[in-house]
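Take a look at the structure below.
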Amino acid sequence: WNGIQVGNWPVRTLSRGHSQLVPFSMTVGKNVNQYHVVLRSARAIDHGRIRIGPFGTSLNSIHVICNGKPVAGKLFGSGDSKWVWVDFGDVDAKRIEISAKAL
12 WNGIQVGNWP
22 VRTLSRGHSQ
32 LVPFSMTVGK
42 NVNQYHVVLR
52 SARAIDHGRI
62 RIGPFGTSLN
72 SIHVICNGKP
82 VAGKLFGSGD
92 SKWVWVDFGD
102 VDAKRIEISA
112 KAL
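According to the working numbering, the residues represented by the sequence shown are 12 to 114, in order.
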């Protein structure tokens, strides 16, 4: 596979101390060693976390960009793959763009 698109997906979020159900749209593009994720929501996203992958088990380093800025990503193994958790922090935006590239 090289991509997936989801629209109007109801996601339970905690925003500014309140639980709310927010419709999300997401596109994921994939090539050999990189994922590109775009999240869009009906309301601003003030904090979020997403798991991106899978990557090969030999991966030891990853470069993650969120909305044009480098961010830390936490690699972890699960089964026969590695994944990266990306916290996109206190972003008050309706659109989040993340790239995760294996190094």
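Don't be surprised by glycine CBs; every beta carbon is placed ideally from N, CA and C. The model shown is predicted, which means the values in this text are computed figures rather than measured ones.
Local Cβ density within 10 Å of residue i, reported as buried at 16 or more and exposed below that
i	result
alanine 111	buried
alanine 9	Not covered by the structure: residue 9. The range shown for the chain is 12 to 114.
Opposing strand residues paired with residue i [DSSP bridges]
i	result
phenylalanine 35	Trp20, Ser52
arginine 106	Arg51
tryptophan 12	Per DSSP, none; premise fails for tryptophan 12.
Alpha carbon of residue i to alpha carbon of residue j, nearest angstrom
i	j	result
isoleucine 107	glycine 40	14 Å
asparagine 78	isoleucine 109	6 Å
isoleucine 15	threonine 38	6 Å
glutamine 31	tryptophan 12	32 Å
lysine 80	alanine 104	14 Å
Nearest-angstrom Cβ-Cβ length linking residue i and residue j, presumed shorter than 8 Å
i	j	result
glycine 59	phenylalanine 99	5 Å
isoleucine 73	valine 48	Rounded, the Cβ-Cβ distance is 14 Å, inconsistent with contact.
**Prompt:** When the Cβ atoms of the stretch 87–97 are set against those of the stretch 51–66, are three or more pairs found closer than 8 Å?
**Reply:** yes
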